[in-house]
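Shown next, in structure tokens, is the structure this report addresses.
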Amino acid sequence: MAQLHVSLAAIGLAVLINMWLASRCIRLRLSDAVLHGDGGNPLLMRRMRAQANFVEYTPLALLLVLGLELSGHGGWPLALAAAVFLLARISHALGMDSEVANPLRQAGMALTFLPLLGLAIAALLAAFGLI
Numbered sequence: 000m001a002q003l004h005v006s007l008a009a010i011g012l013a014v015l016i017n018m019w020l021a022s023r024c025i026r027l028r029l030s031d032a033v034l035h036g037d038g039g040n041p042l043l044m045r046r047m048r049a050q051a052n053f054v055e056y057t058p059l060a061l062l063l064v065l066g067l068e069l070s071g072h073g074g075w076p077l078a079l080a081a082a083v084f085l086l087a088r089i090s091h092a093l094g095m096d097s098e099v100a101n102p103l104r105q106a107g108m109a110l111t112f113l114p115l116l117g118l119a120i121a122a123l124l125a126a127f128g129l130i
């Protein structure tokens, strides 16, 4: 059976990050007594979008990491790609707190796409036996 250390670590960390993102929304909901939606609170709206954005991108990255590891393409390059992706998602979420464009959000998006692109290319190469 394949060793799935990178996948399991990435999945575990992703769950913790998602819980952190949810808790940021929950704290604002409680402080502003918002039961549904964003209650007109711009910060809550941005934090909700940050969590939704995480949930939109992360499953694809985790599937790519798992698929590559299952196909025997694990190791430090895969771990590095997963780590950069997850750190980028944290950077993006923190950057979303600002009402104006800022380096954390911009770096978060750029560093989200780079590992995703690399993982997608690696998956295609692995699928066709080219790596």
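When the letters of the sequence shown are read in order and numbered with numbering that gives the first Met the number 0, they come out as residues 0 to 130.
Beta carbons are placed, not taken as given, at the ideal position from N, Cα and C, and that holds for glycine.
Check	Outcome
Where M44 falls: helix, strand or coil (DSSP)	helix
Pairwise C-alpha distance: F127 and G71	14 Å
Rounded C-alpha distance that separates V64 from L77	7 Å
Under 8 Å between C-beta atoms of L61 and I10	yes
Exposed unless 16 or more other CB atoms sit within 10 angstroms - verdict on E68	buried
P114 burial status per 10 Å Cβ neighbour count (16 or more: buried)	buried
Start-to-end residues for the alpha helix (DSSP H) that takes in L3	Unbroken run through L3: none, as it is neither H nor E.
Inter-residue spacing [alpha-carbon to alpha-carbon] between A122 and G39	42 Å
Any 3 or more C-beta pairs closer than 8 Å across the stretch 94 to 112 and the stretch 43 to 54	yes
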